[in-house]
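Undergrad: Supplied in structure tokens, the structure appears directly below.
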Amino acid sequence: MQRFTISLDDQLAAQFDDWIAQRGYGNRSEAVRDLFRAELDRTAQQTGSATHCVACLSYVFNHHERDLAERIISLQHAHHDLTVSSMHAHLDHDYCLETVILKGEIAAVRQFADAVCAERGVHHGKINVISVELDAGHHHAGPGGHRYTRRHERGGQGHVHIKPST
Numbered sequence: 549m550q551r552f553t554i555s556l557d558d559q560l561a562a563q564f565d566d567w568i569a570q571r572g573y574g575n576r577s578e579a580v581r582d583l584f585r586a587e588l589d590r591t592a593q594q595t596g597s598a599t600h601c602v603a604c605l606s607y608v609f610n611h612h613e614r615d616l617a618e619r620i621i622s623l624q625h626a627h628h629d630l631t632v633s634s635m636h637a638h639l640d641h642d643y644c645l646e647t648v649i650l651k652g653e654i655a656a657v658r659q660f661a662d663a664v665c666a667e668r669g670v671h672h673g674k675i676n677v678i679s680v681e682l683d684a685g686h687h688h689a690g691p692g693g694h695r696y697t698r699r700h701e702r703g704g705q706g707h708v709h710i711k712p713s714t
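So this is what it looks like as structure tokens:
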């Protein structure tokens with residue numbers, strides 16, 4: 549770990565300390581690390597150096613809107629390769645909150661989210677995208693310590709491990 553020092557004027561330092569307290573950080577260092585991670589991830593997504601992600605898409609919709617639930621489900625099925633899971637919660641007699649966990653190429657995930665949010669009757673759609681690194685060559689230890697890939701174990705049906713970009 550590297551240590552460095554920054555200087556802030558008193559007003560900015562006070563605002564930063566207030567922000568840290570509101571967010572519940574234990575110290576300035578962790579807050580600065582999270583700010584750096586967020587900005588570096590945003591930059592990587594904008595420049596195209598980050599290509600894959602996990603994401604959480606949330607939106608509110610009126611379930612009485614004609615065929616809306618079916619249109620949303622059809623979009624999810626059409627993009628089953630991106631859709632990991634969804635959760636549906638009833639807010640009142642008319643409105644539902646849905647959260648969809650996605651993973652895949654950033655451009656495809658964003659395009660899917662835009663398509664869902666553009667549906668007539670969908671409100672307050674937001675997506676949180678987190679860049680990930682892929683590790684398709686991950687090995688697992690088998691019986692007797694023999695190392696093999698999941699691709700070998702599952703008869704050619706390999707999988708990819710993902711981890712958040714740092």
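Sequence positions in the sequence shown follow the numbering used here and run 549 to 714.
No residue lacks a Cβ here, since even glycine has one placed at the ideal position from N, Cα and C.
(1) Given a threshold of 16 other Cβ atoms within 10 Å of its Cβ, counted over all protein chains shown, does E646 qualify as buried or as exposed?
(2) Go ahead and pull the three-state DSSP assignment for F609.
(3) Is the beta carbon of L605 less than 8 Å from the beta carbon of L650?
(4) The alpha helix (DSSP H) that contains R565, what's its start and end?
(5) Does the pairing of the stretch 652 to 665 with the stretch 628 to 635 give three or more beta-carbon distances under 8 Å?
(6) Helix, strand or coil: which one does DSSP assign to V602?
(7) When DSSP labels each residue in this structure, what does H628 get in the three-state scheme?
(8) At the level of alpha carbons, what is the spacing between Y696 and V708?
(9) So which of H612, R585, I710 has the shortest CA-CA distance to E653?
(10) Report yes if the C-beta distance between G669 and E613 is below 8 Å; otherwise report no.
TA: Here's the rundown:
(1) buried
(2) strand
(3) yes
(4) Looking at the sequence shown, residue 565 is not Arg but Asp. Looking at the DSSP string, the run of the alpha helix (DSSP H) that includes D565 is 558 to 571.
(5) yes
(6) strand
(7) coil
(8) Residue confidence is low: Y696 scores 46 on pLDDT, short of 50, so the model does not pin down where it sits. Its coordinate-derived value is still stated next. The alpha-carbon atoms of Y696 and V708 are separated by roughly 14 Å.
(9) I710
(10) yes
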